[in-house]
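Numbering (the working numbering), first residue to last: 3 to 156.
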């Protein structure tokens, strides 16, 4: 009984957080979205190198059900450090993984990916700009791919 109450509370909270992110994404222009996509892709590649393929979130969640919590904790750490860019990029993956764990969030997560896709046509320019500003080698070749199960076109 208490477990279900806590689970419903967590589901509502996670949905509200994702809706809040959606409202922010809706306000971003193409260039801002492209930069977020490039950085989120860079973060994804780092996680992939550690054996966490967030592009296959439903497979990963079976193997690592604590992944959403781990990502949220990392987001909070970046926020405390004042690194809001990294926190935002990582939040994309935290919400994706939360949705893999909680199917009721999948429609909202697909909306998030639809919003992010508005920046896809600007990722080459964004990557070039970010390379200069952050002195980091961004490779956006795979940045326009959607995680399995989250393609908003379906």
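For each residue, glycine too, the CB sits at the ideal point set by N, CA and C. Nothing here was measured: the structure is a model prediction, and the numbers come from that model.
Query	Result
Given a cut-off of 8 Å, decide if residue 67 and residue 96 are closer than it, judged by their beta-carbon atoms.	no
Which residue marks the beginning of the alpha helix (DSSP H) containing residue 39, and which one marks its end?	32-51
Counting only the same chain and skipping the five closest in sequence on each side, list residues whose C-beta sits under 7 Å from that of residue 39.	118, 121, 122, 125, 145
How do the segment 49-68 and the segment 21-40 stand: do at least 3 beta-carbon pairs fall below 8 Å, yes or no?	no
Give the range of the alpha helix (DSSP H) segment to which residue 124 is assigned.	First-last for residue 124: undefined, no H or E at that position.
Please list the terminal residues of the continuous alpha helix (DSSP H) segment that includes residue 150.	Residue 150 -> no alpha helix (DSSP H), and no H or E assigned at all.
Determine the direct distance from the alpha carbon of residue 94 to that of residue 47, and round the result to whole angstroms.	14 Å
Nearest to residue 129 by CA position, among 25, 23, 36, is which residue?	36
Looking at the structure shown, is residue 98 part of a helix, part of a strand, or coil, going by DSSP?	helix
Tell me whether residue 137 sits in a helix, a strand or coil according to DSSP, three-state version.	coil
Less than 8 Å between the C-beta atoms of residue 104 and residue 21, yes or no?	no
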